[in-house]
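Some notes on the structure that comes next.
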Amino acid sequence: METIYRLDLPPDSNEEILSGKRKRVFLKTFQNEILNNISLTLFNFGEVIYTENDIVDEYEPANSIQCIMSGFGRVKHNKTVYQLKPNHIYFFPPGNRILFDNKNLRKLFMKFKLTFNNLDLFANELPMISSVPEKKRKILIHYAHSIHSANLLCVKSVIYDILSCFKNDISSIIERKNPLFERFSVYFDYIKNNKTSVISISDISRLMNMNKSHFICEFKKAFKTTPKHYFLLEKTNKAKEMLAYTAQSIREISTELGFYDQYYFSKFFKKMTSCSPKEFREMKKNTQIIH
């Protein structure tokens with residue numbers, strides 16, 4: 013049994029309430045002013061029950077919250093195995109994921125992106141887990157009702173409510189990342205406004221009043237990769253999101269991402285992911301209800 017709600021449905025569908033625009037919502041439940049400037053983009057959500065034989069292996073480009081209502085299972089996320097237990101909430105950042113060893117696992121799931129200063133807040137972070145105390149377990153029923161209402165704002169409210177359980181972890185991530193984002197804000201503004209598939213490291217280093225070699229060295233110390241490769245990864249991740257969660261054609265996606273033509277985009281995507289855009293989209297269609 014599965015119920016899934018997507019945000020890219022045609023206007024005449026019976027779920028057109030979700031075909032709306034991406035809205036900016038603020039974390040009003042958080043005291044930290046920085047957290048109030050996190051922006052949420054919701055991709056899809058729903059409820060699913062897995063049988064013992066259901067095994068799903070895929071790359072998930074979005075963040076995912078999973079509320080385990082009943083049953084048990086295991087998830088392998090980037091080489092680490094996590095036990096899925098009833099009355100627990102799991103937050104998984106983007107990454108490779110295998111769901112297996114399910115025993116009547118029933119869960120709610122929400123897939124979304126959180127950005128801070130226009131950057132994915134949870135990129136390269138570890139999963140987070142929270143148990144729901146017995147006195148508060150009715151909240152899971154409330155979450156289920158909100159998801160089945162198919163009301164976009166209600167579901168976003170559920171996500172923010174759940175994120176408040178991880179307030180300390182999120183604050184720690186922001187406190188660690190924010191100084192780096194601020195230090196290289198010129199670079200991030202540059203790639204955000206770049207509408208092509210290439211960047212000039214020389215131009216960026218000049219804008220930052222830094223020697224090119226010094227800029228590359230300092231950026232690599234901070235982000236464990238070069239500025240050029242970071243830019244390419246951002247393009248790849250955006251392409252994955254669009255392939256997985258929009259109905260845009262591959263040609264339209266390649267144009268929006270600034271590639272010269274569809275062939276060059278496909279060649280780039282395959283080099284970065286080892287599969288073509290078409291293959292990636294088909295894979296996501298076949299595993300649409302995971303997470």
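Each position in the sequence shown, counted from 1, maps to that position plus 12 in our numbering. Positions of the beta carbon are idealized from the N, C-alpha and C atoms, including for glycine.
Reduced DSSP secondary structure (H/G/I, E/B, other) of residue i
i: Lys207; result: coil
i: Asn136; result: coil
i: Asp215; result: helix
i: Ser51; result: strand
i: Thr258; result: coil
i: Val167; result: helix
i: Leu244; result: helix
i: Ser142; result: strand
i: Phe280; result: helix
i: Asn56; result: strand
i: Phe104; result: strand
i: Phe152; result: Sequence check: residue 152 is Leu here, not Phe. Three-state result, Leu152: helix.
i: Asn223; result: coil
i: Thr267; result: helix
7 Å CB neighbourhood of residue i in its chain, flanking five on each side removed
i: Val167; result: Leu54, Phe57, Met122, Ser158, Ile159
i: Phe84; result: Leu96, Lys97, Lys115, Leu117
i: Tyr155; result: Cys79, Leu120, Val170
Close-in-space but distant-in-sequence residues of the same chain around residue i (CB under 6 Å, 5 per side omitted)
i: Lys296; result: Ala256
i: Ser266; result: Gln274, Phe277
i: Lys232; result: Thr238
i: Ile216; result: Tyr199, Tyr202
Residue burial classification, residue i (beta-carbon count within 10 angstroms, cutoff 16)
i: Ile182; result: buried
i: Cys79; result: buried
i: Pro289; result: buried
i: Tyr272; result: exposed
i: Lys150; result: exposed
i: Ser76; result: buried
i: Lys247; result: buried
i: Lys147; result: exposed
i: Ile153; result: exposed
i: Gly270; result: exposed
i: Asp132; result: buried
i: Lys207; result: exposed
i: Ile186; result: buried
i: Glu294; result: exposed
i: Ala259; result: exposed
i: Arg188; result: exposed
i: Lys283; result: exposed
Below-7 Å beta-carbon distance, residue i vs any chain C residue
i: Lys279; result: Among the protein chains of the structure shown there is no chain C, as only one such chain exists.
For residue j and residue i, believed in contact at Cβ under 8 Å, the rounded distance
i: Ala234; j: Leu192; result: 5 Å
i: Pro105; j: Phe134; result: 4 Å
i: Ile110; j: Lys91; result: Not a contact, Cβ separation roughly 10 Å.
Close Cβ partners of residue i (< 8 Å) along its chain, the five nearest in sequence each way excluded
i: Arg263; result: Gln274
i: Lys240; result: Ile211, Ile213
Q | beta strand (DSSP E) segments (min. 3 residues) lying fully within the stretch 62 to 97 | A | Correct list: 68 to 72, 75 to 89, 92 to 96.
Q) Taking the runs of the alpha helix (DSSP H) that are 4 residues or longer, which of them lie wholly in the stretch 170 to 209? A) Runs found: 179 to 195, 197 to 205.
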